[in-house]
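*Asks:*
Protein chains: 2
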Amino acid sequence: MEKKQRKLPDSCGLGPALAVIGGKWKALLLWQIHQAQPCRFGELKRLQPEISEKMLIQHLREMEADGIIHREVFHQVPPRVEYSVTPEGAELDLALAPLAEWGKKHQERTEKAKAGAARAARTAAEGVTLG
Amino acid sequence: MEKKQRKLPDSCGLGPALAVIGGKWKALLLWQIHQAQPCRFGELKRLQPEISEKMLIQHLREMEADGIIHREVFHQVPPRVEYSVTPEGAELDLALAPLAEWGKKHQERTEKAKAGAARAARTAAEGVTLG
DNA sequence: TAGGTACCTTACTTTTTTGTCTGTACTTGC
DNA sequence: GCAAGTACAGACAAAAAAGTAAGGTACCTA
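Right under this line is the structure:
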């Protein structure tokens, strides 16, 4: 398994936390599993068609190893595997909420700033044509 | 400037937040600047000798562009540059606190689990030698 | 004139992460 | 027999992030 992960400096607990949730799709997956619990592999795939099967499995396995999700195999044909969040995963989801809040605010500010810059540029252009 | 950043999926605000704080040293830097505000370049370098100058500058510049830190240049000889966190950066630091908490707990759990496994392995080995 | 300090910049290499594609085992349906 | 569906595994390649090493400015001291 590809698991050599860049080691993050410890910054008072943030290192380990970011190591767990830092993957490109992990936060999204945790959130979706938390919503639609329990959740089958194919379901996740359908919910997020952008993510490749390989990354989906890789991330799910790492999250399982980190103890934030639980994987249950039903020995049926066709196979059936269900994912759910562990209590630890639920706590993480909770701890992530303020960060998500901040992210939303930051995004809004950024967009507003961009819009403002565009408006300023237009105004300047008008000024030039009128001057 | 190297800034093409892997695009993170949006997961309800977490995407933008992780884009801002996801760099290897960024959380640490934000935290340190917040502690020792205002903070000179050389100071940060001394506080964290592991990080290369290039990464230090690169991260500082990106954080400045994201509006979470402020950079002030004093035109002196030798040059003097001071970094401080913006209100937005301070909010981010706050939003990061629960995650850091979780990280610490997670780390403890992981270590305990590892210790437990080692103990179990020893016990099993004894069992074998004694049996 | 060489060496030192502070704050970078640039070119280049390595490491890590992500993506693409192909293949597996098994069964149902046509 | 062949396709389709489920839940993966593995080789390989591309992209992104991080690191290394060298240089550059501007002034000051020995």
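So the sequences go chain by chain: P and D.
Per my numbering: the first sequence = residues 97 to 227.
Per my numbering: the second sequence = residues 97 to 227.
For each residue, glycine too, the CB sits at the ideal point set by N, CA and C.
Return the residue from the list GLY212(D), GLU160(D), LYS201(D) and PRO112(D) that minimises the CA-CA distance to ILE129(D).
*Replies:* Start at 1 with the first residue of the second sequence, and residue 129(D) comes out as number 33. When each option's Cα is compared against that of ILE129(D), the closest is GLU160(D).
*Asks:* Relative to the C-alpha of CYS135(D), which candidate in GLU207(D), LYS208(D), PRO194(D) and ILE165(D) has its C-alpha closest?
*Replies:* Along the second sequence, read from residue 1 onward, the residue named residue 135(D) stands at position 39. Selected option, being the one with the closest Cα: ILE165(D).
*Asks:* Assign GLY138(P) to buried or exposed, taking buried as 16 or more other Cβ atoms, counted over all protein chains shown, within 10 Å of its Cβ.
*Replies:* In the first sequence, counting from the first residue as 1, residue 138(P) sits at position 42. With fewer than 16 other Cβ atoms within 10 Å, it is exposed.
*Asks:* Look at the alpha carbon of ALA193(D) and the alpha carbon of GLY163(D), and state the distance between them as a whole number of angstroms.
*Replies:* Along the second sequence, read from residue 1 onward, the residue named residue 193(D) stands at position 97. Along the second sequence, read from residue 1 onward, the residue named residue 163(D) stands at position 67. For ALA193(D) and GLY163(D), the distance between alpha carbons rounds to 19 Å.
*Asks:* Nearest to ASP189(P) by alpha carbon, out of ALA186(D), ALA123(D) and TRP198(D)?
*Replies:* Position 93 of the first sequence, counted from the start, is the residue given in the question as residue 189(P). When each option's Cα is compared against that of ASP189(P), the closest is TRP198(D).
*Asks:* Take CYS108(P) and list the residues in its own chain whose beta-carbon comes closer than 7 Å to its own, dropping the five residues that flank it on each side.
*Replies:* Along the first sequence, read from residue 1 onward, the residue named residue 108(P) stands at position 12. So the list is empty, once near-sequence residues are dropped.
*Asks:* Going by DSSP, what residue range makes up the alpha helix (DSSP H) through GLU178(D)?
*Replies:* As a working mapping, residue 178(D) is identified with position 82 in the second sequence. Taken as a continuous stretch (DSSP letters only), GLU178(D) belongs to no alpha helix (DSSP H), being part of the beta strand (DSSP E) at 176 to 181.
*Asks:* So GLY185(P) and LEU126(P) are supposed to be a Cβ contact under 8 Å. How far apart are they, rounded?
*Replies:* As a working note, residue 185(P) is residue 89 in the first sequence. As a working note, residue 126(P) is residue 30 in the first sequence. Indeed they touch by this definition, with Cβ atoms about 6 Å apart.
*Asks:* DSSP puts CYS135(P) in a beta bridge; with which residues?
*Replies:* Locating residue 135(P) in the first sequence gives position 39, counting from the first residue. Note: CYS135(P) sits in a beta bridge opposite TYR179(P).
*Asks:* Out of ALA220(P), HIS202(P), GLY212(P) and ALA209(P), point me to the one whose CA is closest to ALA113(D)'s CA.
*Replies:* The count along the second sequence starts at 1 and reaches residue 113(D) at position 17. Cα-wise, what sits closest to ALA113(D) is HIS202(P).
*Asks:* Measure from the C-beta of CYS108(D) to each C-beta in chain P and report whether the shortest distance is under 8 Å.
*Replies:* Against the second sequence, residue 108(D) aligns to sequence position 12. Yes, because at least one Cβ of chain P sits closer than 8 Å to the Cβ of CYS108(D).
*Asks:* Could you name the residues that DSSP lists as bridge partners for GLU168(D)?
*Replies:* Taking the second sequence and counting its residues from 1, the one referred to as residue 168(D) is at position 72. GLU168(D) is bridged to GLU178(D).
*Asks:* Where do the N-terminal and C-terminal ends of the alpha helix (DSSP H) with GLU146(P) fall, by residue?
*Replies:* Locating residue 146(P) in the first sequence gives position 50, where the first residue counts as 1. Counting along the chain, GLU146(P) falls outside any alpha helix (DSSP H), and DSSP gives it neither H nor E.
*Asks:* Is the beta carbon of GLN144(P) less than 8 Å from the beta carbon of SER180(P)?
*Replies:* Counting from 1 along the first sequence, the entry for residue 144(P) is found at position 48. Counting from 1 along the first sequence, the entry for residue 180(P) is found at position 84. Not closer than 8 Å, so no.
*Asks:* Count the other C-beta atoms from every protein chain shown that fall within 10 angstroms of the C-beta of GLY227(P), then say buried if there are 16 or more, exposed otherwise.
*Replies:* Reading the first sequence from its first residue, position 131 is the one you call residue 227(P). With a pLDDT of only 40 at GLY227(P), under the threshold of 50, the placement of this residue in the model should not be trusted; the figure read from the coordinates follows. Exposed is the call here.
*Asks:* Report the CB separation of VAL177(D) from GLU168(D) in whole angstroms; it is logged as a contact under 8 Å.
*Replies:* Here residue 177(D) refers to the residue found at position 81 when the second sequence is read from its first residue. Here residue 168(D) refers to the residue found at position 72 when the second sequence is read from its first residue. Yes, they are in contact, since the Cβ atoms of VAL177(D) and GLU168(D) sit about 7 Å apart, within 8 Å.
*Asks:* According to DSSP, is GLY119(D) helix, strand or coil?
*Replies:* Here residue 119(D) corresponds to residue number 23 of the second sequence, with the count starting at 1. In the structure shown, GLY119(D) sits in coil (DSSP, three-state: anything other than H, G, I, E or B).
*Asks:* Could you tell me how far apart the beta carbons of LEU195(D) and LEU195(P) are, in whole angstroms, since I believe they sit closer than 8 Å?
*Replies:* One-based indexing of the second sequence puts residue 195(D) at position 99. One-based indexing of the first sequence puts residue 195(P) at position 99. Yes, LEU195(D) and LEU195(P) are in contact; Cβ-Cβ is about 6 Å, under 8 Å.
*Asks:* What does ALA113(D) touch in chain P if you count any residue whose Cβ is under 8 Å from its own?
*Replies:* Sequence index remark: in the second sequence, residue 113(D) carries index 17 (1-based). In chain order: LEU195, ALA196, TRP198, GLY199 and HIS202.
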